[in-house]
Structures are given as structure tokens and as C-alpha cells.
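Just below is one structure, and these are the notes that go with it.
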Ligand code: ATP
Ligand code: MG
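In our numbering, the protein residues as written are 112 to 686.
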């Protein structure tokens with residue numbers, strides 16, 4: 112369990128847990144993260160993961176990873192594997208890996224119990240008729256003509272539903288609650304439906320599938336969950352959640368979960384409490400699974416782990432850090448207030464984490480040749496650079512230096528704008544760690560473009576010499592052209608260029624707001640110590656930003672770096 116994230120927020124769920132433990136309501140807490148395996152996890156899921164696993168870690172409890180796989184047709188093993196990888200990568204470990212489908216027999220037994228108690232009935236109304244009978248927010252619903260079937264008849268019909276005798280959609284099992292309830296969720300909600308579809312975990316064993324509220328509440332109870340944390344849209348479902356837990360009463364009815372004991376699944380049922388919190392929303396991105404799937408399937412991005420995607424897999428490939436993401440959600444806190452968080456806050460957390468943890472290296476991404484004319488052409492030197500300006504424990508490294516260098520094209524201006532303190536004709540600048548150079552001569556190509564700067568190095572100003580404290584206004588970075596390694600550098604930026612890509616009130620959809628500048632590929636040079644980094648190592652290229660060696664494409668011989676984030680927030684003024 113990850114413990115390095117500082118605890119910043121005294122939020123209401125943390126307080127409930129603390130109070131429950133102090134009151135002796137539980138000796139230990141159990142939470143769960145229950146994704147539906149129908150897509151990749153995204154930044155919003157990360158909020159729930161950090162909350163559920165984080166609380167378990169903080170209070171010495173446990174957290175399960177449970178696949179909410181009650182909806183057979185949309186699910187896929189690719190997602191099941193990706194979800195596990197992503198939760199681990201975020202730094203968390205589950206106590207147990209469970210599937211809601213592990214409990215299908217328990218749900219079935221529970222449904223039989225409700226029927227025997229006169230609390231559920233088999234209905235023959237079609238989906239359209241059910242809708243018609245349900246009523247509206249202002250009008251009560253009407254009872255189904257099948258509502259008063261006898262217990263015997265309901266038992267018989269439900270067992271035959273289970274045996275596969277009825278066609279999809281022809282029958283449902285419904286809770287017998289109150290068709291006049293002000294809460295529409297309580298107007299005899301469906302508990303089971305007939306669906307003859309293959310299931311990725313249970314195969315063809317089940318022609319009936321439980322509905323979300325029934326399966327979710329009972330899964331929590333089966334696993335002994337104490338605090339069932341979910342997003343606000345389930346607030347109105349809570350009475351149904353409690354009804355299912357209370358009426359089935361797993362804790363006092365071991366016969367219902369005999370099948371799990373027999374299958375070797377440890378089971379200590381509880382009476383879980385559902386607590387709702389607001390979803391995490393972030394600007395400049397979309398987080399609906401449907402939209403994310405569309406971006407991938409229509410090739411608008413390069414797959415689920417495209418570094419611009421808000422998926423955990425995408426953020427990982429982008430070079431975001433698990434600690435930075437955890438810090439972000441901790442800083443945002445947990446409440447019942449809906450709000451949208453600025454993407455800049457997340458980027459700021461990543462920057463903060465990387466500033467402390469990423470070693471510094473030199474790279475040039477838009478190269479211009481600079482030749483030092485007062486050193487012999489074959490001059491070779493090894494300079495020593497600190498790996499981190501604020502932390503000696505990072506040590507130092509050797510950086511090769513020669514009279515033939517690459518500098519950043521934007522660090523030179525033939526006609527400098529006002530206040531330009533870098534290199535210009537006859538001007539001086541400090542080469543980081545070397546000394547002061549003067550630009551004596553420009554070499555241009557046939558098109559008139561500057562292709563080389565010929566400079567003299569003030570040998571008295573070299574690092575370590577008495578004249579090294581001579582002041583010039585600008586310092587620029589460089590790499591030795593003789594030693595540097597050519598590298599592909601991908602400059603990523605936000606995927607959307609508007610604050611709220613979900614807003615389609617002007618007739619434009621999120622697809623119309625893709626940021627054309629969100630991915631730029633350039634060919635630059637990196638110092639040898641950067642080429643030698645391993646995949647997923649992160650660095651700061653001085654003055655350029657934080658970068659990561661690409662997890663798929665980087666090699667020592669042909670380095671590939673992704674820009675994680677710039678050194679400063681360039682979007683703040685536009686927000
Ligand atoms: P859907 O159910 O429509 O497929 P979902 O976003 O609810 O989409 P789930 O896989 O059901 O996806 O989510 C798993 C858990 O993550 C749920 O407990 C859900 O409440 C939580 N979750 C999903 N999105 C967010 C979000 N933006 N902020 C916080 N928690 C979220
Ligand atoms: Mg959901």
C-alpha cells in the first residue's frame with residue numbers, strides 16, 4: 112500500500128471512517144473498487160481508486176478489486192487485464208480479486224429468498240409496458256397485472272427463467288416495493304432479466320443476469336464491505352441498496368452463500384453502508400467511456416494508451432507519475448459538491464513530483480550548429496554536471512564537450528526582439544557549464560537561412576577559472592554534436608483546445624475540438640547519458656520540460672522521448 116502521499120484533506124468520508132472505528136462499529140474497514148470491464152480506466156476512476164485503496168491503507172483495512180461483470184455483452188478480457196495493470200501501476204494492491212459473477216449463485220439464492228418472503232415477483236410486462244406502468248416524476252405508477260402472483264407460481268416461473276425456458280425480454284423478476292413511491296427507483300425495480308448471452312467468466316451457465324442495484328449491494332455484503340463508496344448519481348438508489356441488504360440479510364443466512372464456501376472463497380458478510388461523493392470532472396478532456404472508445408475506434412488517437420488520453424494507460428505512457436496523480440486527488444479532496452477541476456492543477460502536481468524526482472539532462476530539440484573557432488577542431492573534454500540542482504543525492508555525470516555543438520535555434524536571433532538576452536550577432540551568452548561565447552560570424556545556406564554560428568569562447572570565463580563570474584544576461588544549453596545521439600522527441604499537449612469539449616450546445620461535438628497541435632514530432636539530439644536511460648525513466652531536459660523515455664519505442668541506440676509537461680503552465684492565461 113502506498114503511504115508516501117501526504118494526507119491533506121480532512122474530508123467527510125475520512126471522518127466517517129474515523130468515527131466508525133472510534134465507536135467500535137467495525138474493528139477493521141473493508142472497501143472495494145468495482146469497475147465494469149467495458150473500457151480502460153481513466154482519471155475519474157483514479158479518484159475512486161485513490162479514495163478506496165487510500166482509506167484502506169490509511170486505516171489498516173483492506174480493499175478488494177471487484178469486476179462488476181454483470182453485463183455480459185460489453186465486456187472484454189483486454190479490459191480486465193488493463194484494469195489490473197493500471198491499479199497496480201497507481202501503487203495499490205488489492206486484498207482479493209473478485210468478480211460479481213463469482214456470486215451469481217448467491218444472487219440467485221437471494222432472489223429465491225425474496226420470492227418466498229413475498230418480496231419479489233415474476234413480471235411478464237414488456238420493457239415498453241414497464242415504462243408505461245412506471246409513471247413519471249409527478250405521477251405515481253400502476254401495479255403490474257402480474258404483481259399478485261402466488262409465491263408458488265413466482266418460484267416456479269423464476270426457476271424456469273433460470274433453466275432457460277423463456278426468451279430474452281419476455282420476463283423479469285421485480286422487487287415488490289411501492290409503485291407510488293416518490294423515488295422512481297423504488298417502483299418495483301427489476302432484479303433479474305433474461306439474457307441468453309455468453310459471459311466472459313461464467314460462459315453459458317446463466318441465461319438470466321442480475322440488475323445493477325441488486326448485484327452491487329449483495330456483492331458488497333458478501334465481501335464484508337464496510338464502506339461502499341460511490342458517485343452521487345447513486346444517492347437515489349441508496350434506499351434500494353439498503354432494502355436489498357436488509358431483506359436478503361446474508362450475514363444471518365449462511366445457506367445463501369454455501370456455494371462460495373464450497374468454492375473456497377472466504378466469506379464474512381456484512382451490512383455495508385453506501386456513501387456517495389461527487390465525480391471528479393476535469394476540463395480540456397472527456398471522460399465518458401463511450402467517447403473514449405470512439406476516440407480509439409475511429410483512430411482519432413493512437414490507441415488507449417495514446418499519451419494524450421485521460422486514461423491511466425495514456426497518462427502512464429505520457430510520463431505522468433503515480434505519485435503525482437495520487438497527490439492531485441488528495442489535494443482535490445472528496446465532497447458532495449460537483450465541480451470541474453482545471454487540468455493545470457493536475458499538470459502542476461505532476462510538475463511538482465517530477466521536479467523533486469527527475470534527474471536533469473541536456474537535449475536540443477530544434478538544433479542549430481554552433482562552432483567554437485578558438486579551440487582545435489579535435490578538442491575533446493569531459494565536463495561534470497550535477498544531476499539535480501537541489502538534491503546532491505542525485506550525484507553527477509560526465510557530459511562530453513567539443514568545439515562543435517548543437518544549440519536551440521530559438522536561442523539565437525539575427526534580429527533580436529527587445530529584451531532578448533540570448534545569442535545575437537556580436538553578442539555574448541553563457542553556455543551552461545562551459546563559459547561565455549561571442550557570436551562572430553553567421554553561416555547561411557543558399558536560401559539565406561542561418562545554418563551555423565561561429566563563435567569564440569572566452570577561455571578566461573570558463574567554469575572554474577577566475578573570470579568565470581563575469582556577468583552576461585543569458586545562459587543557454589547545448590549538446591556536443593560529435594557525441595550527442597539523435598532522438599525522436601514527441602511534444603504532447605492537451606488533446607482538446609477548449610475548456611469543455613463535452614459542451615455541444617453550439618452544434619459542435621468533442622470531435623470538432625481536437626487540438627491540432629496536441630502531438631508534434633521533432634528530431635533532436637540528446638546527450639549520451641539521456642540516450643542511456645531505460646524505458647519509462649523520466650528526466651528534465653533543462654529549459655525544455657519534463658520528458659519520459661517511451662515505454663514501447665525507446666532504445667539506447669534510437670532514443671524516443673515523450674514530453675510529459677512543460678516547465679511552466681502555458682495554458683493558464685487562456686483558461
Ligand atoms: P459506466 O458504468 O457508465 O460504464 P463508470 O464511469 O461508472 O461508467 P465503472 O467501471 O462503473 O464506470 O466505474 C467504476 C467505479 O469508478 C465506480 O465506483 C464509479 O463510481 C467510479 N467512477 C467512475 N467515474 C468516476 C469519476 N469521474 N470520479 C469518481 N469516481 C468515478
Ligand atoms: Mg458504473
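Glycine residues also receive a C-beta, built at the ideal position from the N, C-alpha and C atoms. None of these values were measured; they are calculated from a predicted model.
**OP:** Would you kindly check if the distance between the Cβ of residue 230 and the Cβ of residue 297 is under 8 Å?
**Re:** Using a Cβ distance threshold of 8 Å, residue 297 and residue 230 do not count as a contacting pair.
Original post:
Which of helix, strand or coil does DSSP assign to residue 681?
Top reply: Look at residue 681 here: in three-state DSSP terms it is coil, with no helix or strand label.
Original post:
So, do the segment 518-533 and the segment 487-499 have three or more beta carbon pairs nearer to each other than 8 Å?
Top reply: Look at the beta carbons and you see the segment 518-533 not touching the segment 487-499: under three pairs across the two are nearer than 8 Å.
**OP:** Whole angstroms is fine: what's the gap from residue 195's alpha carbon to residue 205's?
**Re:** The straight-line gap from Cα to Cα measures roughly 9 Å.
Subject >> Residues of its chain near residue 609, where Cβ-Cβ distance is below 8 Å and the 5 sequence neighbours each way are ignored >> reply: Cβ neighbours of residue 609 beyond the five flanking positions: 395 and 624.
Original post:
Are the beta-carbon atoms of residue 339 and residue 331 separated by less than 8 Å?
Top reply: Yes, the Cβ-Cβ distance between residue 339 and residue 331 is below 8 Å.
Original post:
Taking Cβ positions only, does residue 635 come closer than 8 Å to chain C?
Top reply: Among the chains in the structure shown there is no chain C, since it carries only a single protein chain.
**OP:** Quick one: give me the first and last residue of the alpha helix (DSSP H) that residue 225 is part of.
**Re:** For residue 225, the enclosing alpha helix (DSSP H) begins and ends at 215-227.
Subject >> residue 660 and residue 674 closer than 8 Å at C-beta >> reply: 8 Å or more divides the Cβ of residue 660 from the Cβ of residue 674.
Original post:
Is the segment 397-414 in contact with the segment 115-133, if contact means three or more CB pairs nearer than 8 Å?
Top reply: When C-beta atoms of the segment 397-414 are compared with those of the segment 115-133, fewer than three pairs fall below 8 Å, so the two segments do not count as touching.
**OP:** Using a threshold of 8 Å, state whether the C-beta atoms of residue 590 and residue 475 are closer than that.
**Re:** Yes, the pair counts as a contact, with Cβ atoms nearer than the cut-off.
Original post:
Cβ-heavy atom distance between residue 572 and the ligand ATP below 7 Å?
Top reply: Residue 572: no, Cβ never under 7 Å from the ligand ATP.
Original post:
Any chance the segment 532-550 sits against the segment 577-588, with 3 or more Cβ pairs inside 8 Å?
Top reply: They touch, by the three-pair rule.
**OP:** Answer yes or no: do residue 312 and residue 413 have a C-beta to C-beta separation smaller than 8 Å?
**Re:** Against a cut-off of 8 Å, the Cβ pair of residue 413 and residue 312 comes out as no contact.
**OP:** Flag this pair as yes or no: are the beta carbons of residue 132 and residue 170 separated by less than 8 Å?
**Re:** With respect to the 8 Å criterion, residue 132 and residue 170 are classified as neighbours on the basis of their beta carbons.
Subject >> Whether residue 328 touches residue 216 by CB criterion (8 Å) >> reply: With contacts defined by Cβ atoms closer than 8 Å, residue 328 and residue 216 do not form a contacting pair.
**OP:** Over the uninterrupted alpha helix (DSSP H) stretch that includes residue 405, give me the two end residues.
**Re:** Taken as a continuous stretch (DSSP letters only), the alpha helix (DSSP H) holding residue 405 covers 400-408.
Original post:
For residue 438, which option in 665, 465 and 245 has the closest C-alpha, if you only look at C-alpha atoms?
Top reply: Among 665, 465 and 245, the Cα nearest to that of residue 438 is on 465.
Original post:
What first and last residue would you give for the beta strand (DSSP E) that runs through residue 551?
Top reply: For residue 551, the enclosing beta strand (DSSP E) covers residues 546-555.
Original post:
What is the DSSP secondary structure of residue 120, reduced to helix, strand or coil?
Top reply: Taken through DSSP and simplified to helix, strand or coil, residue 120 comes out as coil.
Original post:
What is the DSSP secondary structure of residue 154, counted as helix, strand or coil?
Top reply: Helix.
Original post:
Is any heavy atom in the ligand ATP found nearer than 7 Å to the beta carbon of residue 453?
Top reply: Not so, every heavy atom of the ligand ATP lies at least 7 Å from the Cβ.
**OP:** Mind checking which residues open and close the alpha helix (DSSP H) that includes residue 368?
**Re:** Per DSSP, residue 368 is not a residue of any alpha helix (DSSP H), being assigned neither H nor E.
Subject >> Beta-carbon proximity list for residue 531, same chain, < 7 Å, skipping 5 on both sides >> reply: Taken in chain order, the residues that qualify are 524.
Original post:
Within the present structure, is the beta-carbon of residue 341 separated from the nearest heavy atom of the ligand ATP by less than 7 Å?
Top reply: Look at residue 341: its beta carbon is less than 7 Å from one of the heavy atoms in the ligand ATP.
Original post:
residue 135 to residue 361, Cα distance in whole Å?
Top reply: Approximately 21 Å, taken between the alpha carbons.
Subject >> Run of the alpha helix (DSSP H) containing residue 170, from where it starts to where it stops >> reply: Per DSSP, residue 170 lies in no alpha helix (DSSP H) segment and is marked neither H nor E.
Original post:
CB of residue 147 to nearest heavy atom of the ligand ATP: below 7 Å?
Top reply: Closer than 7 Å to some heavy atom of the ligand ATP: that describes the Cβ of residue 147.
Original post:
What residue range is occupied by the uninterrupted alpha helix (DSSP H) comprising residue 328?
Top reply: It spans 323-333 - the alpha helix (DSSP H) in which residue 328 sits, taken as one unbroken run.
Original post:
Which residues in the same chain have their Cβ closer than 7 Å to the Cβ of residue 634, if we skip the five residues on either side of it in sequence?
Top reply: In chain order, 597 and 599 place their CB closer than 7 Å to the CB of residue 634, counting only its own chain and leaving out the 5 sequence neighbours on each side.
Original post:
Which of the three DSSP states, helix, strand or coil, is assigned to residue 312?
Top reply: Three-state DSSP puts residue 312 in coil, outside helix and strand.
**OP:** Measure the C-alpha to C-alpha separation of residue 419 and residue 161 and round it to an integer number of angstroms.
**Re:** The alpha-carbon atoms of residue 419 and residue 161 are separated by roughly 21 Å.
Original post:
Secondary structure at residue 382, three-state DSSP: helix, strand or coil?
Top reply: Coil at residue 382, not helix or strand.
Original post:
What's the C-alpha gap between residue 285 and residue 267?
Top reply: Taking the straight line joining both Cα atoms gives about 15 Å.
**OP:** Inspect the CB distances between the segment 212-228 and the segment 264-279 and report whether three or more fall short of 8 Å.
**Re:** In this structure the segment 212-228 touches the segment 264-279; the number of beta carbon pairs closer than 8 Å is three or more.
Original post:
Is the CB-CB distance between residue 391 and residue 452 below 8 Å?
Top reply: Taking 8 Å as the Cβ cut-off, residue 391 and residue 452 qualify as a contacting pair.
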